[in-house]
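Peer 1: Quick note: the sequence shown uses our numbering, first residue 38, plus one each step.
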Amino acid sequence: MDNKLLRFTCSAIDENGCFRPEHTGYGQDISPAFVIENLSPDTKTLAITLEDLSHPIKGFPHWVIWNLPATHQIPEGIPSGANVATLQSAKQGIAYGWHRYAGPKPPKGANHLYRFTLYALDSELDLSANVFKKRFLKAAAGHILQQGEITGEYQANEPVANET
Numbered sequence: 038m039d040n041k042l043l044r045f046t047c048s049a050i051d052e053n054g055c056f057r058p059e060h061t062g063y064g065q066d067i068s069p070a071f072v073i074e075n076l077s078p079d080t081k082t083l084a085i086t087l088e089d090l091s092h093p094i095k096g097f098p099h100w101v102i103w104n105l106p107a108t109h110q111i112p113e114g115i116p117s118g119a120n121v122a123t124l125q126s127a128k129q130g131i132a133y134g135w136h137r138y139a140g141p142k143p144p145k146g147a148n149h150l151y152r153f154t155l156y157a158l159d160s161e162l163d164l165s166a167n168v169f170k171k172r173f174l175k176a177a178a179g180h181i182l183q184q185g186e187i188t189g190e191y192q193a194n195e196p197v198a199n200e201t
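1. For Q65 and D79, I'd like the C-alpha separation in whole angstroms.
2. Given this structure, state the Cα-to-Cα distance separating A132 from T123, to the nearest angstrom.
3. State yes or no: is the C-beta of A127 within less than 8 Å of the C-beta of L162?
4. Identify whether G140 lies in helix, strand or coil by the three-state DSSP scheme.
5. Whole angstroms are fine: how far does the CA of V72 sit from the CA of G96?
6. Which residues bound the alpha helix (DSSP H) around A177?
7. Could you have a look at H109 and say whether DSSP puts it in helix, strand or coil?
8. Determine the burial state of E52: buried for a count of at least 16 other Cβ atoms within 10 Å of its Cβ, exposed for fewer.
9. Classify I102: buried if its beta carbon has 16 or more other beta carbons within 10 angstroms, exposed otherwise.
10. Count the other CB atoms, across all protein chains shown, that sit within 10 Å of the CB of E186; report buried if there are 16 or more and exposed otherwise.
11. Given a threshold of 16 other Cβ atoms within 10 Å of its Cβ, counted over all protein chains shown, does T82 qualify as buried or as exposed?
12. For A86, count the other beta carbons within 10 Å of its own beta carbon; 16 or more makes it buried, fewer makes it exposed. Which is it?
13. In three-state terms, what does DSSP make of P93?
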């Protein structure tokens, strides 16, 4: 693993460490944009996971995506689907029952802590999109050059205008 910590910012999390409503399951559920620093020049692809650290099933997955292009920016609003043609050969695994970003949606009144983990990988992963986070992590284990994390909190107190 590269000695430099993979640093990044995420548009979903505000300056107070809280999720912005549009990136939650009570809002528009839009995947956030990421800006990446200190990316190893040996990086071939990127991967991201989002997990709920406060869920009774610790680390409950909300998103797993891999084979993202090795760039310093990942756009907001990645579309649903197992294969994301607009982003090289990116694949979204199964998280929260879908092949898509599923933002925070804790029970009303509950405050949950979520973690984005960004991985810089030395190769493209040859995985079916029909895998869960555990299988992704096993496949990625020998290919991680760098990784970084950002945590954010979300508490749903009031309904948001676009609540489903």
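Backbone N, C-alpha and C fix where the C-beta goes; we use that ideal spot for every residue, glycine too.
Peer 2: Once the coordinates are examined:
1. Across the structure, Q65 and D79 are spaced so that their CA atoms are roughly 35 Å apart.
2. Straight across, the Cα-Cα distance linking A132 with T123 is about 20 Å.
3. Their beta carbons are not under 8 Å apart, which means A127 does not touch L162 by this criterion.
4. DSSP places G140 in the coil class of the three-state scheme, outside both helix and strand.
5. Rounded to whole angstroms, G96 to V72 spans 24 Å at the Cα level.
6. Note, A177: alpha helix (DSSP H), 170-177.
7. Of the three classes helix, strand and coil, the one that applies to H109 here is coil, per DSSP.
8. It counts as exposed.
9. I102 should be labelled buried.
10. Sixteen is the threshold: since fewer than 16 other Cβ atoms of the shown chains lie within 10 Å of the Cβ of E186, the residue is exposed.
11. Counting the other Cβ atoms within 10 Å of the Cβ of T82 gives 16 or more, which makes it buried.
12. In the sequence on display, residue 86 carries Thr and not Ala. Buried, by the Cβ-count rule.
13. It is coil, neither helix nor strand.
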